[in-house]
Structure formats: C-alpha cells, structure tokens
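Q: If you count the sequence shown from 1, position 147 lands on 151 in the numbering used here, and the numbers rise without skipping.
Backbone N, C-alpha and C fix where the C-beta goes; we use that ideal spot for every residue, glycine too.
One structure, as structure tokens, below. Some questions next.
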Amino acid sequence: MAFFSDSVGRIKLSAAVAVTNKARELKAAGKDVIGLGAGEPDFDTPDNIKQAAMKAIRDGDTKYTAVDGTPALKEAIVAKFARENGLQYKASQISVSGGGKQVLFNALIATINPGDEVMIPTPYWVSYPDIVLLGGGTPVMLETSLATAFKVTPAALEAAITPKTKWLIFNSPSNPSGAAYTRDELKALTDVLVRHPHVWILADDMYEHLVYDDFGFTTPAQVEPELYSRTLTVNGVSKAYCMTGWRIGYGAGPEALIKTMAKVQSQSTSNPSSISQAAAVEALNGPQDFIPKHNLVFKQRRDLIVSMLNQAEGLSCPTPEGAFYVYPSCAGAIGRTTPSGKAILTDEDFVSELLDAEGVAVVQGAAFGLSPHFRISYATATSALEEAGRRIQRFCASLR
Ligand SMILES: Cc1ncc(COP(=O)(O)O)c(C=O)c1O
5 MAFFSDSVGR IKLSAAVAVT NKARELKAAG KDVIGLGAGE PDFDTPDNIK QAAMKAIRDG
65 DTKYTAVDGT PALKEAIVAK FARENGLQYK ASQISVSGGG KQVLFNALIA TINPGDEVMI
125 PTPYWVSYPD IVLLGGGTPV MLETSLATAF KVTPAALEAA ITPKTKWLIF NSPSNPSGAA
185 YTRDELKALT DVLVRHPHVW ILADDMYEHL VYDDFGFTTP AQVEPELYSR TLTVNGVSKA
245 YCMTGWRIGY GAGPEALIKT MAKVQSQSTS NPSSISQAAA VEALNGPQDF IPKHNLVFKQ
305 RRDLIVSMLN QAEGLSCPTP EGAFYVYPSC AGAIGRTTPS GKAILTDEDF VSELLDAEGV
365 AVVQGAAFGL SPHFRISYAT ATSALEEAGR RIQRFCASLR
C-alpha cells in the first residue's frame, strides 16, 4: 500500500520556490547571483503597521481569535470593499486566512467534487492548478498568447464552459504576466458569465493596488452586479502593504460559501495570527500614501526592464499594466546554442543556462503554463535589475 496519497502525488513544489532555492545555494557557494524569482516587494512593512503589531503584543492580543478573523479586521475589510471597490458586504460575508493562498485553498476545497472543472487562464499563478488537483478537480486551461496581451477573449471563455464547470479563476493584474483587464475588457467577459449561471467566479485581486499609468482597476462583482451572488473576491495585505511574511489574506462572498470556508479552516489552521490581524487592521485603516510612492518606483523599474529586454536578441516583451512581473517571450532564442555548446530547446533550458552563464535567476514559463516565456519579478533594487538586464542581453547575444 502506498504511503503517500494519490492527491499529493498530483501536485509539485512551486517553481518560483525551486528557483529561489537554487539561487540561494549558488550564492552560498560564492557565485554572484541576481535573484529575480521571488514574488514579493523589496520594500519593508511600513512602520505604523509594525507599531500596531507591537501594541497588539503589549495589549495581550495573543490568544485564539474567531476562526475566520477578528470583528475589527472584518470591519476594516468591509470598509475597504465599500471605499475602494464600491462593493457592499456584511462582516458575515468576510473570511480571513493565513494569506490569500489559504483563502483560495479553503474555497476550492470547500466546493470541488471529483470531475468538477475549474477554468484557469494561462499563464497562471502556479498554485491554482495544484490546489484544484489536490481537491480532486480538473483544471481547464484557457490559452492566451502574446498576441492577446495574455488576456482571455470572450470567445475562448465561452468555448471552455461545460456543464461541469464550477469556477473561473480570474486574476487581474496577473501573476506572472502583469496583464490587467480594463473595465471594458472585463465587462465583455462578465457578459459571457452572466449567461452561465452555474459558473462561479473566483476573483484574485491580490495585485489590485499595483497598477501603473493611471490604470483603473475593476473587479468582476463590481463591473457586473449580477455576478455578486456567485463571486468570491479575494485580496490581502501581502503585496501592496509589503506584508508577505505576516500571512493575512481575505475573501468576500455569499454567506454559505464563507461559512463553509471557515469550517475547512477550523479543522486545519484555525485563526491566522492574532498579531498579524491587528497589523492588517492598521494596514487597511491607516495611511495609504506609501502605495503611490512605491508604485512610482515599480513603474520606473518596469519601464527599465521592458526596454532592456526588448533590446536583447531573440526576446520580446510587452509592457504590462500592473503587478511587479514581466513575462517576455524567448521564442527567438529557442533552437540556438550557448558558447559552451548547450542547445536551448525549451524555456527551461533558457533559464537554466542563463543562471549558469550569468547568474541571473528567473522562472521558466513552463511553470506558468505558457511557453516559451520566462517570468521576471522586478520587485528588486533598481541597480540589481539594471545589471540583470545587461547580463540577459549579453547572454542572448552569446547564443549562436
Ligand atoms: C496571484 C496571486 N494570488 C495569491 C497570492 C497569495 O498571496 P499570499 O502571500 O497572501 O498567500 C499570490 C502570491 O504570490 C499571487 O501571486
């Protein structure tokens, strides 16, 4: 009898984690490595948020809380949705978890039965298909391409819906492409979804605040109120508030779903850290002025890296609307050979040779379901990014 479960056999370790680990090993061995793999801001958590956490410790907020979040945090989340998204929720429609990832996990585990299909546009955040597989569901990939700026077309969405479809996972701005849907583009998709009342929408708004060039962020339940009763809107403090290590994410949706998600959480982790929840209250209710300041820096870095990539032989990179990722195509490098005689046949070969030759760690597109591409996270010091851009150009120029 096998010891490990069939369901765990269907999933893999995150490729971004694998690349980050390899870069760390090479660094420890003395190699000069620039890591562009990790998906987290290089900025520190703002001080007012840290102070709120220290106050929580001093005040004895150190006990179990309600499983799916303190009343204070739920109220702050209710206020956030009203203020920023024009969405009205009651506290009973909010679920708080240990990061956005746990919100997604709870929702999918609470709803998926064997055979249920979950539509996932490519390129996708690596955890979506694996959580679906862990739950016994079937991921159905919706192909996009450079030509559609990595966005799903209404026709492709319509064509993928079957009687077994349970969810569409919709992520804008996207990890890994940075693509974000305009209100009109989103409305064209919600018009399709309105015609299929059995399909639920899991809107992953984790990068909501990381948009550039005056891009106007919108979310499905806001653009199409008819979808409100079958949408789970997911967000968190990890990215915009530079709190990846604090582990607080949240979801808002119909009460029955929220209650069932809390049931899943009650038998796994129980409440997220009481101290992190107090910090998240301050993040959502406190000053928001550092967000545009960070975005100015992110936008400069995005423009820098896009321009440098487009000057590299064989690469082509659109300018994405948001997040802190770019997703260049390396189609022009496929079929070439490195000076040491290694053939580049896939994007996996490309990133592995780039790491060996130039010490630049990026993640292969295969991990995100769309090749031949690779993902760069530009949430890193501008000087390091510029040096990485030069090394990528040198590597590409060296291919024959
Ligand atoms: C698209 C997307 N959704 C959700 C998450 C999860 O965020 P958290 O760190 O809050 O679990 C991430 C983190 O990388 C992400 O990129």
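Tell me, to the nearest whole angstrom, how far the beta carbon of A266 is from that of V82; I am working on the premise that it is less than 8 Å.
A: Not a contact, Cβ separation roughly 16 Å.
Q: Any idea what DSSP makes of A392, helix, strand or coil?
A: Helix at A392.
Q: Using C-beta distances below 6 Å, list every residue in its chain close to R234, excluding the 5 sequence neighbours before and after it, in chain order.
A: So the qualifying residues of the chain are W204.
Q: Quick check: P324 and L150, are their CB atoms within less than 8 Å of each other?
A: Not in contact: P324 and L150 (Cβ atoms no closer than 8 Å).
Q: Does ligand 1 have a heavy atom nearer than 7 Å to the CB of K155?
A: Answer for K155: no, Cβ out of range of ligand 1.
Q: Is G339 near ligand 1 - that is, is its Cβ less than 7 Å away from at least one heavy atom of it?
A: No, the beta carbon of G339 sits no closer than 7 Å to any heavy atom of ligand 1.
Q: Which residue's Cα is closest to the Cα of I15: L30, R62, Y132, F85?
A: For the residues L30, R62, Y132, F85, the minimum Cα distance to I15 belongs to Y132.
Q: Can you tell me the Cβ-Cβ gap for S101 and N110, rounded? I've got them flagged as a contact below 8 Å.
A: Confirmed, about 6 Å.
Q: What does the alpha-carbon distance come out to for the pair L231 and E189?
A: Using only the alpha carbons, I get a separation of about 16 Å.
Q: Tell me whether R404 sits in a helix, a strand or coil according to DSSP, three-state version.
A: In this structure, R404 counts as coil in the three-state DSSP scheme.
Q: Just to confirm the assignment: which complete alpha helix (DSSP H) runs, minimum length 4, are found wholly within the segment 236-265?
A: Here no run is fully enclosed.
Q: Considering only heavy atoms of ligand 1, does any lie closer than 7 Å to the CB of N89?
A: Outside the cutoff, so no.
Q: I believe G363 touches I252 by the beta-carbon criterion, under 8 Å. Please report the beta-carbon distance rounded to the nearest angstrom.
A: Actually they are not in contact, since the Cβ atoms of G363 and I252 sit about 34 Å apart, beyond 8 Å.
Q: Any residues whose CB sits closer than 6 Å to a heavy atom of ligand 1? List them in chain order?
A: Output, sorted by chain position: G43, G103, G104, K105, W129, N175, N179, D208, M210, G240, S242, T248, G253.
Q: Grab me the residues of K84's own chain with a C-beta within less than 7 Å of its C-beta, minus the 5 sequence neighbours each way, in chain order.
A: Same-chain partners within the cutoff: L288.
Q: If you drop the 5 nearest sequence neighbours on each side, which residues of the same chain put their C-beta closer than 6 Å to that of L4?
A: Any question about residue 4 goes unanswered here, given that the chain covers just 5 to 404.
Q: Using the beta-carbon count (16 or more within 10 Å), is Q55 buried or exposed?
A: Exposed, since its Cβ has fewer than 16 Cβ neighbours within 10 Å.
Q: Might you give, ordered along the chain, the residues of its own chain that have their beta carbon closer than 8 Å to the beta carbon of L319, omitting 5 neighbours on each side?
A: Within the same chain, L319 has close Cβ partners L313, P332, S333, C334, G336, A337, I396, C400.
Q: Taking DSSP's pairing of strands, which residues face I38 in a bridge?
A: DSSP, once it has assigned bridges, lists V364 as partnering I38.
Q: Tell me the residue span of the alpha helix (DSSP H) that contains F109.
A: Where F109 is concerned, the enclosing alpha helix (DSSP H) stretches over 104-115.
Q: Report the residue from T152, V196, L206, V238 whose alpha carbon sits nearest the alpha carbon of I173.
A: When only C-alpha atoms are compared, the closest one is L206.
Q: So if DSSP puts Y329 in a beta bridge, which residue, or which two residues, is it bridged to?
A: Looking at the DSSP assignment, Y329 forms a beta bridge with S381.
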